[in-house]
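A quick write-up on the structure given underneath.
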Amino acid sequence: MTVPMLGTLSSRKLVTDLQSFGLQIGEQTGGIARKGGAGPSDHKTITIAGQTVMVPVYTSGAQHSPFQASPPDQHGASTLLRDGQTLGTIHFPAAPRFYGLSTADGIPYWKIALLHGRDTLATTVQQTCIRYADRRTSCQFCAIGQSLEADRTIAYKTPAQLAEVAKAAVELDGVRDMVLTTGTPNVVDRGAAVLADSARAIRAAVDLPLQVQCEPPRDHDWFQRLRDAGADSLGMHLEAATQAVREKIMPGKATVSVDRYMDAFASAVPIFGRGQVNTYILAGLGDSAADILALAERLIALGVYPFVVPFVPISGTPLENHAPPSADFMKSVLAPLGRMLREANMKSTDIRAGCGRCGACSSLSAYE
194 MTVPMLGTLS SRKLVTDLQS FGLQIGEQTG GIARKGGAGP SDHKTITIAG QTVMVPVYTS
254 GAQHSPFQAS PPDQHGASTL LRDGQTLGTI HFPAAPRFYG LSTADGIPYW KIALLHGRDT
314 LATTVQQTCI RYADRRTSCQ FCAIGQSLEA DRTIAYKTPA QLAEVAKAAV ELDGVRDMVL
374 TTGTPNVVDR GAAVLADSAR AIRAAVDLPL QVQCEPPRDH DWFQRLRDAG ADSLGMHLEA
434 ATQAVREKIM PGKATVSVDR YMDAFASAVP IFGRGQVNTY ILAGLGDSAA DILALAERLI
494 ALGVYPFVVP FVPISGTPLE NHAPPSADFM KSVLAPLGRM LREANMKSTD IRAGCGRCGA
554 CSSLSAYE
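So the sequence shown is residues 194 to 561, counted in this note's numbering.
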């Protein structure tokens, strides 16, 4: 039987559906996967109609998804089915070559940084957070400690280690940008200091665009210090659109209010440039579509790119049984948001580095 190819237009809806429902896969399916961690996780990378995206596969919801993938062939090609009906061919990209290397002291490179999407390298520089250990303050969706407990990463990646891995990823696998995020180590610089040290070392070793991600530091002078250290873009992630949802879902992080984030965005945009400051918004935590779009309008007016992604419940977290947003809900947000971004001439393709440029965790770029 000839398996049909998936077209670009139909793939936009399909990606939105897949990221909401998840994908059932066989245990031996290869490719690139991510379990646990500081951000969206329990995913596997697939390529569909030329677009590389990350789709939930290890969540409880994915085990009941209407989407299934056949075991991939030797080239990573797999047949995608929905309710048993063939939709077309997808591919599971092979693991990058730098994953096979280790540092001089024996740490595998993949424990230091991972490939996200097609060509974005990502790492959590400090895999611990002052908020995580106490559920009264922790973000209920976060699994930053899980990958550390499972020995899939190390607690702190030194600037030298990050520079070594980044250089190898560029030379061996054509990585085009890198994301540096961190658990929050304190309530003063909130991680900006460790990110600046990391960025400086990486840029000394390799010409690679960098995005740094942290909570807003108290001293906004850190934005210029991060830029001077070599960061090309900045992520400060609200996660939820309204203060009420933020206080419910992330009580510790919510002490840095939406208004304080907006002040920080206003300080950062002149330094990094319009569209080069991004914020992650997890749709499905309790905000309405109108709430998300109202916030997005304010962000775009400031020159901040609102990267809206579907919430993915991660096993082992307090929200593991929280339902992800429906595909219809995501379309009700992404379609008008895409129009807003077009009208503002703010494109993901213009972002120099980071989650918005990668775009693998959301189908937002297809709506721009």
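Beta carbons are placed, not taken as given, at the ideal position from N, Cα and C, and that holds for glycine. Given the structure is predicted, the values throughout are model-derived calculations rather than measurements.
Check, Outcome
"Burial state of SER558 (16 or more Cβ within 10 Å)", "buried"
"Exposed unless 16 or more other CB atoms sit within 10 angstroms - verdict on ASN471", "buried"
"Cα-Cα separation, PRO437 to ARG453", "Per the sequence shown, residue 437 should be read as Ala rather than Pro. Computed Cα separation, rounded: 15 Å."
"Any chain D beta carbon closer than 7 Å to ALA270", "Reference to chain D is not applicable here, since this structure consists of a single protein chain."
"Selected residue, minimal CA-CA separation from LEU373, among LEU216, PRO352, TYR251, ASN379", "PRO352"
"Endpoints, the beta strand (DSSP E) within which LYS304 is located", "LYS304 -> no beta strand (DSSP E), and no H or E assigned at all."
"Span of the alpha helix (DSSP H) around LEU431", "Run containing LEU431: none; DSSP gives neither H nor E here."
"ILE347 in three-state terms, based on DSSP", "coil"
"Extent of the continuous alpha helix (DSSP H) to which MET533 belongs", "520-536"
"Residues near LEU355 by beta carbon distance below 8 Å, same chain, minus five either side", "ILE305, ALA306, THR316, VAL318, LEU373, SER391, ALA394, ILE395"
"Whole-angstrom distance between PHE416 and THR282, CA atom to CA atom", "44 Å"
"Contact set for ALA447: own chain, Cβ-Cβ below 6 Å, skip 5 residues either direction", "ARG439, GLU440"
"Per-residue burial, MET539 [other beta carbons within 10 Å of its own, 16 or more giving buried]", "buried"
"Given ARG532 as reference, the closest of TRP303, SER519, LEU486, THR375 once Cα atoms are compared", "LEU486"
"Alpha helix (DSSP H) runs contained entirely in the stretch 311-349, provided each spans 4 or more residues", "337-342"
"Nearest candidate by alpha-carbon position, reference LEU431, set VAL246, ALA348, LEU488", "LEU488"
"8 Å Cβ shell around PHE465 - same chain, five flanking residues per side excluded", "PHE416, ARG420, ALA424, ASP425, SER426, LEU427"
"For GLY269: DSSP bridge partner residues", "DSSP lists no partner for GLY269."
"For GLN436, the first and last residue of its enclosing alpha helix (DSSP H)", "436-442"
"Other residues of its chain near SER481: CB distance less than 8 Å, five sequence neighbours each side excluded", "none"
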